[in-house]
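In the working numbering, the protein residues as written are 116 to 1054.
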């Protein structure tokens, strides 16, 4: 019995298969088609690979073997698997290729569909795939867009075979035919061989009829001539394109190339499966048979043609009729050119959708394989929020958020300068900090007998290192790390009492190099070291971390610091923990920076550009947070197990400073004990951060009750403390994405500077006049003086004033207790007691912080975020004040100026505030009195 597929070869048409899979190749099915049907080529695309890799377990063994050698992001895993298939198919087809002397026997592999409009990236990817597959019978598939045509010319010039895809109209075909010829001419001009180069131009057929037939059907009552065009336009269009091809290969220009052995760029008919059941299932094969062409068929179409196809030379018949069909198409206003342009966009989108599904499936298999090497996250969301999150994730997929974030595409946010602030992505890959240099410093100071390092910094320069010290501890041989981020004289003195300056190193950490607090702390400890050890020893005891060109770098250089580590000016302070600002302290703690990055990379790769949003841990969390804010749930309540409890302070800054602006944003809530569901309003999202070995049945039970009551609950688990770096990166990505959802720039902090300006004016005034301007209290009661806004005027007791202030709390508000005091256990307990009583009685979120530490953290959200905060500021007279060398100031004066400046900005922003000042020397007693007044006010 004759085989119609083999008869196609007799007609001069090559038979290719539009399909490939691991199972298909392994069972010898491709070889069978070559022998039985005369098959001479294979095409692939993301849709084909998604069907092959995304379902079943055929690829699991190869995937796991690959990941055992080295972890990789989803696209690299996919490419490894795809290249194995393509190489195997190419090897099977190699005898065909050799027998036909390079005229056929090809396998096609597509460049990333995301690059269709990017010439440079397409060209680079084409080269890379050519080298990776390393088979002469590979064709790199490149879309026939205007941008693709430029890349095609260059690839041909470089000797790379090209399958041009997504062609729907003759103009586009002629453009890529010109690119092929021009590429051959350029190669020939260089004296290189062109006889082994091949190209096909893939003309998509049935999709054209699919669109035009629908347009015809929509014209109710259309005349018979219009209806007769159904199912004919695509074939007519292809026939005329073939006539263009015939004219081209008869041109003198082509004859010159042909004489040098050039092969023509054959037309390949793609999308040849019938979409309309009313048409014969072999229609688009039967009608397009002719010499020097290719038909690539999906298995179903190939089976159908083998069974009942007709192998007759139809391609060059009825050309006049084909022209009449195309003319009629224009006469009826069906706009074939417009449809072709739309199909190019739709085709690119379909391949992107398929690539998303493919990378999602491969990425999920990677996540499953990693197990506990990647921190887990589970989401328990109420129905409405779940639906909003899933819709946004799909929007993020369609709009390429994963790729755009890594590209620093400012349009993902507000379109301003966001592209200048994405250096943290490279830092997370270990590209900013030098592990060798950091290890050398740690070894040197250890050999000198130093055992303590004091970090002088604020905000992002101090909070990340504090998390590292508290979570990982001091390794064997490492230095004990102490962080000083306060101007409170009692806190400075308490730290100084713990130090043996003979064994202490100071780390001055400031990105800008001009931040007030580290500068005056540096001056203070410079003097202390000089007095104790002598002037010659000062330079050996100080290390600086700062951005290039800063004031700190200049002074540290002039003073001969033992080391200066430069930051990346394209990283904001709160995103700097995975740069030298976090890694220098980590190395001094005695930990391996290289090992730290190694165990952090699984999360970086999970959040990579090729990880679709649905499986991207950072993007999913960010979408949840952003959509929660849009739904009125802007209080992100952090519940951390003891081993990772300090992460909350770092997250406070990251979330509040990044998103709290333009009257909106996230209000992070840390160190608030879990309560029963009835003490919470509807403005909460709960995030549990837990080490696997710190189980707590009561905590889990309360979280379950909250989820059952309709509160969103996010459960994040770390297998061990060393994986804390993964959370740094997950939350950095999440914060950026939340910013995109909320609609703000997550990299600026417009309201932080306001307090700094106020403080600077006050301290300058003090240095000039010797005093700080005072305010008139609302009332004084014993050791307390109360100050407040106009709404609190007329209260005659401290309890009444506090009660009136707290009465202003409304559903959705939050209460902030901000203390410019020494941060110690007693004071933290007092703030916690106030917060608990207010939370339980008023059913509002409560936050707390110590100044000036919080000014560099949550202060941005308090001033620039939603006007839902009610503030209690606590200050006290400084006891045993400390002078700042070289300044006409003391630390107590600076702290007082910072508190005053902070309050003035809150007042200017229209915030509700009350200041309670403790007079005299017994701060602990005064603070306890405030606790009792608060508890009485809410009783």
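Each residue gets a CB set at the ideal place from its N, CA and C atoms; glycine is no exception. These numbers were taken from a predicted model, which means no experiment stands behind them.
- Rounded to the nearest whole angstrom, the CA to CA distance from residue 620 to residue 594 is 9 angstroms.
- With a cut-off of 8 angstroms on Cβ pairs, the region 409–425 is not in contact with the region 362–371, counting fewer than three such pairs.
- If you check the CB distance, residue 817 and residue 789 come in under 8 angstroms.
- Apart from sequence neighbours up to five positions away, the residues of its chain that approach residue 635 with a beta-carbon distance below 6 angstroms are 999, ordered along the chain.
- Around the Cβ of residue 591, a 10 Å sphere holds fewer than 16 other Cβ atoms; the residue is exposed.
- In this structure, the straight-line span from the alpha carbon of residue 440 to that of residue 315 is close to 26 angstroms.
- If you draw a straight line from the Cα of residue 310 to the Cα of residue 183, it comes to about 42 angstroms.
- Boundaries for residue 937: no alpha helix (DSSP H) harbours it, and the DSSP string shows neither H nor E there.
- Taking the Cβ atoms as the reference, residue 405 lies roughly 7 angstroms from residue 127, within the contact range of under 8 angstroms.
- Note that the C-beta distance between residue 478 and residue 727 is below 8 angstroms.
- In the three-state reduction of the DSSP assignment, residue 830 falls in the strand class.
- The shortest CA-to-CA distance from residue 400 to any of 391, 387, 408, 996 is the one to 387.
- For residue 502, there is no enclosing beta strand (DSSP E); the residue is part of the alpha helix (DSSP H) that begins and ends at 498–513.
- Under the three-state reduction of DSSP output, residue 692 falls in the coil class, being neither helix nor strand.
- In the three-state reduction of the DSSP assignment, residue 334 falls in the coil class.
- Taking a C-beta distance under 8 angstroms as the contact criterion, residue 1003 and residue 809 do not qualify as a contact pair.
- If you ignore the 5 residues before and after residue 407, its C-beta comes within less than 7 angstroms of the C-beta of 127, 379, 381, all in its own chain and listed in chain order.
- Per the DSSP secondary-structure output, residue 129 pairs in a beta bridge with 409.
- Taken through DSSP and simplified to helix, strand or coil, residue 402 comes out as coil.
- Look at residue 378 here: in three-state DSSP terms it is coil, with no helix or strand label.
- With fewer than three CB-CB distances shorter than 8 angstroms, the region 1045–1052 does not count as touching the region 1003–1018.
- For residue 1026, the closest C-alpha among the options 947, 585, 778 is that of 778.
- The criterion of a C-beta distance shorter than 8 angstroms is satisfied by residue 985 and residue 920.
- For the options 628, 757, 715, the alpha carbon positioned closest to that of residue 586 is the one of 757.
- The shortest CA-to-CA distance from residue 209 to any of 742, 195, 253, 235 is the one to 253.
- Between the C-alpha atoms of residue 839 and residue 491 there is a straight-line separation of about 12 angstroms.
- Counting only residues of its own chain and dropping the five nearest sequence neighbours on each side, residue 894 has a CB closer than 8 angstroms to the CB of 900, 901, 910, 911, 912, 913, 916.
- The beta carbon of residue 687 sits closer than 6 angstroms to those of 536, 862, all from its chain and outside the five residues before and after it, given in chain order.
- Distance from the CA of residue 660 to the CA of residue 841, rounded to the nearest whole angstrom, comes to 23 angstroms.
- Nearest neighbour of residue 164 by Cα position, chosen from 142, 144, 410, 196, turns out to be 196.
- In this structure, DSSP gives residue 714 a helical state, which the three-state scheme calls helix.
- Residue 708 places its beta carbon less than 8 angstroms from that of residue 548.
- Cβ contact annotation for residue 453 (same chain, cutoff 7 angstroms, sequence separation greater than five): none.
- Assigned with DSSP and collapsed to three states, residue 784 falls in strand.
- Residue pairing from DSSP places residue 1032 in a beta bridge opposite 900, 990.
- Under DSSP, the beta-bridge partners assigned to residue 963 are 932.
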